[in-house]
C-alpha cells in the first residue's frame, strides 16, 4: 500500500507509470483522478481542502486494507492533497492493480466511495460570490450501501 | 473521441495527463490499462496481437459512441496496440471523463467489456513451450449481459 | 481531560480548531450538552446533530459512544473527500 | 464475387489470410458449406461453428445472415482484445 496525504502537487502521469512499473503479474490497472473544476459556472477561484491530520492517514489505510481483503489485488495507491488548489489542479488519485479487470475496477470504485464519505477531508469552494463549504451529496452516502 | 489503433508503443502517463488537460468541467477521470504479464508462470516471451484493420477502428468508434449515448461523459480515449509486444509492455488503455465519478467508472467498465469481446483483436502468447492463441473467457462474454 | 477538535464549518462557528476540556463527560452526547450550555457559538454549531459527525480517538464513532479513556474527540460535518 | 478473410487460428488452419470467391452464396451458411466442400483444411477450420464468429462487410453478423450485396466476409475465433 502506498498512501500519501500531502499539500504538494503531484503528477498523475508520473504516478500512474510508476504504479504500473512496480507491479508484476498484474495485467489490469485502474486509476481514478479527481480534478478541481468549475462544475456549476460559479467562477471558481480556488478549492481549499482541510483534513484531520492525525486521522486521515489511518482512515485511508483502513479503507485500502479493506479493499485488499475483499478483492484479489496487487497494490493500491492513494494520493490526496490538502491546502489551497486552483482550477484544473489534480486533487487526488487512486490506483488499483489486479490480475483481471473486474477486481481492479471494483476495488477502485470501493476506494472512491469510502474515501468520499469516510476519510476526513472537507472542501471549501472560493468563488466570485464568496466561500462555501461543499455539502456532502446524498448520492455519495447512498453509494456505500452497495458494498 | 480519440481512438487510436497502432503498432507503436505509447506512454500511459503522457496519455493520461494529456487526456485530463483536454477536458474542462470534468472533475472525474478513470483510466484502465492492460499490460502484458506472465500471469500463469508460463515463461511468457511475447504476445502477438492480430487485428482486422478495416473493422477495428469502426468497431471501437461504435463502442465509444454507445458509451457516450448512455452516460454523461466528457471525452473518451481508446488506444490499442497490435503486433509483437513483450512482457510489461502496455497493450491498451481507455480513459473516460465525467462530471461525477459514477459515470466515468461505468463508462470505462462498459468500454472494456465490449472491447474485450466485440472489437476484432486476437492475442497469441509465445511461451517457452510454444505459441498459443488466448481463448476467450466465458466471464468476458457473460460480462456483456449486465449492460 | 481531553482534547476537542473542530473541523470545517464547525471550526468556523466555534471559532477555534482545538480546545482542552477539563471535565470528564461519560458519552459524546454528554460532552455535546456540556458544550452547548456554554455559549451561543456552541449552540449554533451543535443545533442540528444530524449534520454532524464525530470521531473518538481518531475513529469514526456515534453520539452515544462512551468517552471512558478517550483522549481526543473531533466534531465535523459529513466528509467530502475525493 | 466477394473477399473472404480469416483471422487468428482460422487463418492458420486455412493457410491464407484472404481469398476471393467467385460464386454468390445467398447466406453466410451457404458460403461456409461451399468452403467446407473444398478441402480438408476448410473442414478443419469450420468443423465447430460455435467456436467461430463472422463479420459481413466489417460488421459482426450471424451465420444465417444474407450475403446479398456483401463484398467482404470474415471468419475468426471469439475476440480477445483488451
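Residue numbers (my numbering), protein chains in the order written: chain A, 7 to 153; chain B, 7 to 153; chain C, 4 to 85; chain D, 4 to 85.
The beta-carbon is built from N, C-alpha and C at its ideal position, and this holds for glycine as well.
Remember, predicted model here, so these are calculated numbers, not experimental data.
- When secondary structure is reduced to three states using DSSP, residue 71(A) falls in the helix class.
- Here the alpha carbons of residue 96(A) and residue 44(D) stand approximately 57 Å from one another.
- Sequence-distant partners of residue 8(C) (beyond 5 residues in either direction) whose C-beta falls short of 6 Å from its own C-beta, in its chain, are 21, 77.
- Within the model, the alpha-carbon separation for residue 55(A) versus residue 110(A) is close to 28 Å.
- Under the 8 Å Cβ criterion, the segment 79–98 of chain A counts as touching the segment 8–16 of chain A, having at least three qualifying pairs.
- Taking C-beta separations shorter than 8 Å and ignoring five residues to either side along the sequence, the partners of residue 71(C) in its chain run 29, following chain order.
- Of all residues in the segment 77–107 of chain B, the ones placed with a Cβ closer than 7 Å to any Cβ belonging to chain D are 86, 98, in chain order.
- Separation of residue 53(B) and residue 130(B) (C-alpha to C-alpha, rounded to the nearest whole angstrom) is 6 Å.
- Under the 7 Å criterion on CB atoms, residue 128(B) is classed as interfacial with respect to chain D.
- Using beta-carbon distances, residue 115(B) counts as an interface residue toward chain A, with a partner under 7 Å.
- Here residue 125(A) really is in contact with residue 66(A); their C-beta atoms are around 6 Å apart, less than 8 Å.
- For residue 41(A), the nearest beta carbon of chain B is closer than 7 Å to its own beta carbon.
- Proximity of chain C to residue 30(A) at the Cβ level (cut-off 7 Å) is not reached, the minimal Cβ distance being about 29 Å.
- Membership of residue 6(C) in the beta strand (DSSP E) is indicated by the continuous run 5–9.
- Across the set 140(B), 149(B), 152(B), the C-alpha of 140(B) shows the shortest separation from the C-alpha of residue 42(B).
- Residue 45(B) has a beta carbon lying within less than 7 Å of a beta carbon in chain A.
- Residue pairing for residue 63(B): DSSP places it in no beta bridge.
- The DSSP-derived three-state label of residue 64(D) is strand.
- For residue 48(D), the uninterrupted alpha helix (DSSP H) run begins and ends at 43–49, by DSSP.
- For residue 120(A), same chain residues with a beta-carbon under 6 Å away, outside a window of 5 residues either side, are 69 in chain order.
- Contact between the segment 33–48 of chain C and the segment 9–18 of chain C is present, with at least three C-beta pairs closer than 8 Å.
- By the C-beta density criterion, residue 146(B) is buried, having at least 16 other C-beta atoms within 10 angstroms.
- At a beta-carbon threshold of 9 Å, the residues of chain C lying near residue 139(A) are 11, 12, 15, 80, 83, ordered along the chain.
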